[in-house]
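Chains as they are written, first to last, in the working numbering: chain A, 771 to 1044; chain B, 771 to 1044.
Protein chains: 2
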Amino acid sequence: MVTKISGCAQEAQGLVAATGLAARHIIRSGEWTGHTSGTAPHYVQGNLVILPAALANDFLRFCQRNPKPCPLLAVSEPGDPRLPRLGEDLDIRTDVPAYRVWRKGELIEEVSDIRHLWREDLVSFVIGCSFSFEQPLIDAGIPLRHVQEGRNVAMYRTNIQTVPAGPFHGPMVVSMRPMSPANAIRAVQVTARVPQVHGAPVHLGDPAQIGIADLQKPDFGDAVAVLPGEMPVYWACGVTPQSVVMEAKPEFCITHSPGKMLVTDLLDGELAFS
Amino acid sequence: MVTKISGCAQEAQGLVAATGLAARHIIRSGEWTGHTSGTAPHYVQGNLVILPAALANDFLRFCQRNPKPCPLLAVSEPGDPRLPRLGEDLDIRTDVPAYRVWRKGELIEEVSDIRHLWREDLVSFVIGCSFSFEQPLIDAGIPLRHVQEGRNVAMYRTNIQTVPAGPFHGPMVVSMRPMSPANAIRAVQVTARVPQVHGAPVHLGDPAQIGIADLQKPDFGDAVAVLPGEMPVYWACGVTPQSVVMEAKPEFCITHSPGKMLVTDLLDGELAFS
């Protein structure tokens, strides 16, 4: 189904709050368990991975070695549910709309609060997400088809290998946005300025070159058309670390549910260099 | 004929001077009338167009309206052969290795000194040239095939129309460099930082989209191979203003000879913003 909505698709159909803090308070209260696309415009959102301390150092090294798919915004102290760099009044156990709980790589349950699962050895990783560069692209006059059509962005497993660390290894996942060559050139410039939200694209053009067999069959998200005269543009995707963690089958792990992110107090503009 | 030279092809086969000023003194003496590729590394070089004052205002507006193909580095006062913004001891009548003299769009002669042709109404325009962004590309680890093969870059007339001013109008000429998609992405970032030497590319990929019928038949310069897995990347080219001036058939005009540029005292780094 294609829903055409002029302007920002998300505003018509999701939670909107004035600030990251206001969004987190609504989410903490349990009133909103849905996606955060368009929530608190201009505030940075992040992907969440929570791991036991025994694995946290390996995962930290994995992120350091793979900054494009895993741009780390913050890492917590073990057992501490706060992330003061991302917001003063922030509790990682309650402030995400929905969490996925994994044991040995198996999805066990989806919950909206993880206080009952909290352990003194858990470390939280918050990783930049492409929501923070989509608004600058739109602001630069570059239309994004999946936003116009109210769909999730198309994501693909590639043959680009991440640099391994400990048990963490596997292919990079990319998101794809079709655009004219002139807009692709401008999109490189706009996104190169935000390395903490994946930065410049990793590939342009031919999908086969990075191991994508069929653009119309994404591994995650929704397919969108690539029109004549357009080229597909591929960015490293924050689904990569989740995919890598699932492959490593840690004894225990918690992530956010897809599209239901942590909303922080950072402004998108704070991530850009000029 | 393909001449393969490792490293910088130009150093082995052209004039090399320590500074722009030193290069101009050698050229002024008449000792060097050849190309300036690789001459005075890291010093900005420029394309030259000299027009009678009656046409100069139209041409100035043309450059203002078409900054990508016509990035103006300096404009002289009428009748003044100096360009102090580009070098203290600079005489535009003697400091270019070779000049082309045109009347009503016809090439009349090629000379190495234009003092005998100088008039009190002549205005000099110096326009940025892609030499100034090729070194940063090479420094960024992006190989340029025409440099490796000791050839001139391939240039093409396109169907991209310039914005007209007075008698000046016509298609944009582009230069093309083949590279991997990953290098194309980095090349956008590197060249976006130097808007005074054409800036970011104007097109990527399919040549037909900008009216190029056959990449192996450039309108100017030498063809180079586009290898499997590479994409052609197109930049606005300083041949555009020359092409446009010739179309306008001014009663009198002087340009530099192709590849034989004005070497200035500006450093390439002075043109970059960060």
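Every residue, glycine too, gets a C-beta built ideally from N, C-alpha and C.
C-alpha distance - residue i paired with residue j, whole-angstrom precision
{"i": "Y869 (chain B)", "j": "E879 (chain B)", "result": "8 Å"}
{"i": "I884 (chain B)", "j": "P1002 (chain B)", "result": "38 Å"}
{"i": "L1036 (chain B)", "j": "K987 (chain A)", "result": "52 Å"}
{"i": "Y903 (chain B)", "j": "V1009 (chain B)", "result": "Note that residue 903 (chain B) is Phe in the sequence shown, not Tyr. For F903 (chain B) and V1009 (chain B), the distance between alpha carbons rounds to 16 Å."}
{"i": "P1011 (chain B)", "j": "K874 (chain B)", "result": "16 Å"}
{"i": "G777 (chain B)", "j": "R915 (chain B)", "result": "Residue confidence for G777 (chain B) is low, a pLDDT of 34 falling below 50, so the modelled location carries little weight; the figure read from the coordinates is stated next. So the two alpha carbons sit approximately 11 Å from each other."}
{"i": "W872 (chain A)", "j": "W888 (chain A)", "result": "13 Å"}
{"i": "A824 (chain A)", "j": "E890 (chain A)", "result": "12 Å"}
{"i": "T1034 (chain A)", "j": "C1007 (chain A)", "result": "19 Å"}
{"i": "L907 (chain B)", "j": "G969 (chain B)", "result": "12 Å"}
{"i": "S945 (chain B)", "j": "H886 (chain B)", "result": "34 Å"}
{"i": "I796 (chain B)", "j": "I982 (chain A)", "result": "56 Å"}
{"i": "T789 (chain A)", "j": "L1041 (chain B)", "result": "40 Å"}
{"i": "L785 (chain A)", "j": "L974 (chain A)", "result": "33 Å"}
{"i": "G1029 (chain A)", "j": "T806 (chain A)", "result": "6 Å"}
{"i": "T809 (chain A)", "j": "A792 (chain A)", "result": "10 Å"}
{"i": "G991 (chain B)", "j": "V943 (chain B)", "result": "12 Å"}
{"i": "M771 (chain B)", "j": "Q834 (chain A)", "result": "At M771 (chain B) the pLDDT is 27, less than 50, meaning the model places this residue with poor confidence; the figure from the coordinates comes in the next sentence. Straight-line Cα distance between these residues: approximately 47 Å."}
{"i": "A993 (chain A)", "j": "V996 (chain B)", "result": "30 Å"}
{"i": "P913 (chain B)", "j": "R794 (chain A)", "result": "49 Å"}
{"i": "V1014 (chain B)", "j": "M949 (chain B)", "result": "29 Å"}
{"i": "N827 (chain B)", "j": "L892 (chain B)", "result": "12 Å"}
Buried/exposed call for residue i, threshold 16 Cβ in 10 Å
{"i": "S900 (chain A)", "result": "buried"}
{"i": "D1038 (chain A)", "result": "buried"}
{"i": "A779 (chain A)", "result": "With a pLDDT of only 39 at A779 (chain A), under 50, the local geometry of the prediction cannot be trusted, and the value read off the model is given with reservation. Classification for A779 (chain A): buried."}
{"i": "S1044 (chain B)", "result": "Because S1044 (chain B) sits at a pLDDT of 45, beneath the cut-off of 50, its placement in the model cannot be relied upon, and the point is left open."}
{"i": "V933 (chain A)", "result": "exposed"}
{"i": "K1019 (chain B)", "result": "exposed"}
{"i": "G857 (chain A)", "result": "buried"}
{"i": "E781 (chain A)", "result": "Only weak support exists for where E781 (chain A) lies, its pLDDT of 41 falling under 50; the value from the coordinates is given anyway. Classification for E781 (chain A): exposed."}
{"i": "P867 (chain B)", "result": "buried"}
{"i": "L1032 (chain B)", "result": "buried"}
{"i": "L877 (chain A)", "result": "exposed"}
{"i": "A954 (chain A)", "result": "buried"}
{"i": "N929 (chain B)", "result": "exposed"}
{"i": "A787 (chain B)", "result": "buried"}
{"i": "A978 (chain B)", "result": "exposed"}
{"i": "A957 (chain A)", "result": "buried"}
{"i": "P839 (chain B)", "result": "buried"}
Start-to-end residues for the beta strand (DSSP E) that takes in residue i
{"i": "P931 (chain B)", "result": "The residue you asked about is not Pro; residue 931 (chain B) is Gln in the sequence shown. Unbroken beta strand (DSSP E) run through Q931 (chain B): A924 to Q931."}
{"i": "M1016 (chain A)", "result": "From DSSP, M1016 (chain A) is part of no beta strand (DSSP E) but of the alpha helix (DSSP H) over V1009 to A1018."}
{"i": "R885 (chain A)", "result": "First-last for R885 (chain A): undefined, no H or E at that position."}
{"i": "G816 (chain B)", "result": "Y813 to P822"}
{"i": "D976 (chain A)", "result": "Premise fails: D976 (chain A) is in no beta strand (DSSP E) and is neither H nor E."}
{"i": "A868 (chain A)", "result": "Segment: none, A868 (chain A) is in no beta strand (DSSP E) and carries neither H nor E."}
{"i": "H939 (chain A)", "result": "Looking at the DSSP string, H939 (chain A) is not in any beta strand (DSSP E), and its letter there is neither H nor E."}
{"i": "H1026 (chain A)", "result": "C1023 to H1026"}
{"i": "A1006 (chain B)", "result": "M1001 to A1006"}
Residue i, enclosing alpha helix (DSSP H) - first and last residue
{"i": "P906 (chain B)", "result": "F901 to D909"}
{"i": "D1038 (chain B)", "result": "D1038 to L1041"}
{"i": "L892 (chain A)", "result": "Premise fails: L892 (chain A) lies in the beta strand (DSSP E), L892 to G898, not in any alpha helix (DSSP H)."}
{"i": "A844 (chain A)", "result": "Note, A844 (chain A): premise wrong, no alpha helix (DSSP H); beta strand (DSSP E) at L842 to V845."}
{"i": "I797 (chain B)", "result": "G790 to R798"}
{"i": "T961 (chain A)", "result": "P951 to A962"}
{"i": "H805 (chain A)", "result": "It is not in any alpha helix (DSSP H) - H805 (chain A) carries neither H nor E in the DSSP assignment."}
{"i": "H916 (chain B)", "result": "R915 to Q918"}
Minimum Cβ-Cβ distance from residue i to chain D less than 9 Å
{"i": "V996 (chain B)", "result": "Reference to chain D is not applicable here, since the protein chains of this structure are A and B."}
field: contact_flag[the region 958 to 970 of chain B, the region 936 to 950 of chain A] where n(CB pairs < 8 Å) is 3 or more
entry: Touching, no, given that fewer than three Cβ pairs across the two stretches are closer than 8 Å.
message: Taking 8 Å as the cut-off, does the region 807 to 822 of chain A touch the region 1019 to 1035 of chain A (at least 3 CB pairs, one atom from each stretch)?
response: In this structure the region 1019 to 1035 of chain A lies against the region 807 to 822 of chain A, because at least three pairs of beta carbons, one per stretch, are closer than 8 Å.
- prompt: Taking three-plus beta-carbon pairs below 8 Å as touching, is the region 795 to 809 of chain B in contact with the region 849 to 863 of chain A?
  reply: no
field: Contact set between the region 922 to 949 of chain B and chain A, restricted to residues whose Cβ is under 8 Å from the partner
entry: none
message: Using a Cβ distance threshold of 8 Å, determine whether the region 839 to 847 of chain B contacts the region 889 to 900 of chain B, with at least three qualifying pairs required.
response: yes
- prompt: Hey, is the region 857 to 866 of chain B in contact with the region 921 to 929 of chain B, meaning 3+ C-beta pairs nearer than 8 Å?
  reply: No contact exists between the region 857 to 866 of chain B and the region 921 to 929 of chain B.
field: Positions along the region 901 to 915 of chain A whose CB lies within less than 8 Å of some CB in chain B
entry: none
- request: Check distances from the C-beta atoms of the region 961 to 982 of chain B to those of chain A and list, in chain order, the residues that come in under 8 Å.
  value: A962, A970, P971, V972, H973, L974, G975, D976 and Q979
task: With 8 Å as the limit, tell me which residues of the region 830 to 848 of chain A have their beta carbon closer than that to any beta carbon of chain B; keep them in chain order.
output: none
- prompt: Name the residues in the region 999 to 1011 of chain A whose C-beta lies less than 7 Å from a C-beta of chain B; which are they?
  reply: G999 and M1001
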